[in-house]
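Under my numbering, residues 5 to 299 are what the sequence shown spells out, in order.
For every residue, glycine included, the Cβ atom is placed at its ideal position computed from N, Cα and C.
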Amino acid sequence: MDLNIADTSPEALAQGLVDLLEIEEVDTDLYVGKRQPGGVGRVFGGQVIAQALQAAQRSTEGPKAAHSLHAYFMRPGNEDYPIVFRVVRDFEGRSFATRRVIAMQKGQPILNMAASFQMPEEGLHHQHAMPDVPAPETLRSDRDLRLETIDGIPEKFRAHMLRWRPIEVRPVNPRSWIDPAPQEPHYANWFRLVAPIGDDPAMHRAILAYASDMALLGTALLPHGKNWITPGLQTASLDHSLWLHEDFRADDWLLYACDSPWSGHARGFNRGKIFARDGRLVASVAQEGLIRMRQ
Numbered sequence: 005m006d007l008n009i010a011d012t013s014p015e016a017l018a019q020g021l022v023d024l025l026e027i028e029e030v031d032t033d034l035y036v037g038k039r040q041p042g043g044v045g046r047v048f049g050g051q052v053i054a055q056a057l058q059a060a061q062r063s064t065e066g067p068k069a070a071h072s073l074h075a076y077f078m079r080p081g082n083e084d085y086p087i088v089f090r091v092v093r094d095f096e097g098r099s100f101a102t103r104r105v106i107a108m109q110k111g112q113p114i115l116n117m118a119a120s121f122q123m124p125e126e127g128l129h130h131q132h133a134m135p136d137v138p139a140p141e142t143l144r145s146d147r148d149l150r151l152e153t154i155d156g157i158p159e160k161f162r163a164h165m166l167r168w169r170p171i172e173v174r175p176v177n178p179r180s181w182i183d184p185a186p187q188e189p190h191y192a193n194w195f196r197l198v199a200p201i202g203d204d205p206a207m208h209r210a211i212l213a214y215a216s217d218m219a220l221l222g223t224a225l226l227p228h229g230k231n232w233i234t235p236g237l238q239t240a241s242l243d244h245s246l247w248l249h250e251d252f253r254a255d256d257w258l259l260y261a262c263d264s265p266w267s268g269h270a271r272g273f274n275r276g277k278i279f280a281r282d283g284r285l286v287a288s289v290a291q292e293g294l295i296r297m298r299q
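In structure tokens, the structure reads:
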């Protein structure tokens with residue numbers, strides 16, 4: 005499914021992402037994900053995670069809902085080929101269930117993921133407070149900010165940076181794309197699906213999984229004055245963990261507060277907290293990424 009389509013209305017973009025994540029069941033516990041050609045070669049890691057989560061969710065019956073996933077990226081996905089998802093039902097208990105998903109492309113695994121599901125249950129509660137940040141209505145979109153500096157961006161990156169996307173992002177502390185200065189490894193943005201969708205909680209969880217891979221790895225680049233268009237820089241997600249704490253809607257504003265406690269040995273570690281607008285901590289994220297400067 006190509007989201008870079010002629011119809012860039014919010015409704016078409018949102019439906020395009022929903023269609024992309026509607027994987028096709030071809031056999032018992034075997035699914036095929038739709039493609040999203042974009043001219044960049046590699047498949048966006050968030051797409052593979054979201055489709056793998058959908059495969060796990062499709063294999064889980066009843067009221068059990070996904071509350072965590074842990075994924076390892078092994079090979080880059082190729083946007084020109086479909087991805088096949090094999091689900092293994094490792095455990096089915098009264099309160100919890102565990103699924104393992106292997107994402108395959110051209111006969112080779114590109115991602116392994118484990119996901120856990122839980123029956124609804126009450127318990128002790130506490131959470132970190134949401135950061136005090138400006139409301140999303142007072143901030144400019146990431147795309148508008150890129151437009152301001154597009155003349156200084158190398159030609160080969162411009163089309164990709166200006167594509168209309170199904171997830172709208174409004175940075176709280178915008179990053180500089182041209183000659184970025186070193187800064188503390190903290191970053192936050194508001195994000196949401198660009199148009200309302202239905203009420204299926206599984207789809208909203210899949211969309212959040214997709215969006216959780218956006219902007220997180222770049223947090224580890226901030227202290228070094230680098231970004232993903234820096235010449236000679238190679239970056240890629242190595243693993244990705246997501247914990248889903250509370251119900252939410254992906255088409256309502258969500259705050260993504262990220263930090264990076266450490267980087268070294270060509271790797272960077274990043275964490276994220278995702279808050280609903282009412283202050284509830286709805287998800288937490290952790291990711292280690294490859295950060296390599298080519299000579």
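Asked, Found
"Whole-number beta carbon distance between residue 166 and residue 147, since they are thought to touch under 8 Å", "7 Å"
"7 Å Cβ cutoff met for residue 103 and residue 91", "yes"
"For residue 244, the first and last residue of its enclosing beta strand (DSSP E)", "243-248"
"Cβ-based neighbour list, residue 157, same chain, cut-off 8 Å, excluding 5 preceding and 5 following", "150, 165, 181, 182 and 233"
"Top-ranked residue by Cα proximity to residue 249, from 126, 64 and 13", "126"
"Buried/exposed call for residue 266, threshold 16 Cβ in 10 Å", "exposed"
"Residue 205 - DSSP class collapsed to helix/strand/coil", "helix"
"Cut-off 6 Å between Cβ atoms - residues of its own chain near residue 243, not counting five sequence neighbours on either side", "76 and 292"
"Whether residue 231 touches residue 175 by CB criterion (7 Å)", "no"
"Burial state of residue 85, where buried means 16 or more other Cβ atoms lie within 10 Å", "exposed"
"Same chain only: Cβ atoms within 8 Å of residue 63, ignoring 5 sequence neighbours per side", "33, 91, 93 and 103"
"Residue(s) in a DSSP beta bridge with residue 97", "DSSP lists no partner for residue 97."
"Any 3 or more C-beta pairs closer than 8 Å across the segment 128-144 and the segment 102-118", "no"
"Member of 58, 194, 109 and 53 whose CA lies at the smallest distance from the CA of residue 282", "194"
"Residue environment, residue 212, which counts as buried when at least 16 other CB atoms sit within 10 Å", "buried"
"Assumed close pair residue 246, residue 280 - CB separation to whole angstroms, cut-off 8 Å", "Not really, about 16 Å apart at Cβ, beyond 8 Å."
"Buried or exposed by the 16-neighbour rule on C-beta atoms within 10 Å, applied to residue 172", "buried"
"Alpha carbon of residue 119 to alpha carbon of residue 289, nearest angstrom", "14 Å"
"Residue burial classification, residue 21 (beta-carbon count within 10 angstroms, cutoff 16)", "buried"
"Start and end residues, beta strand (DSSP E) containing residue 277", "271-280"
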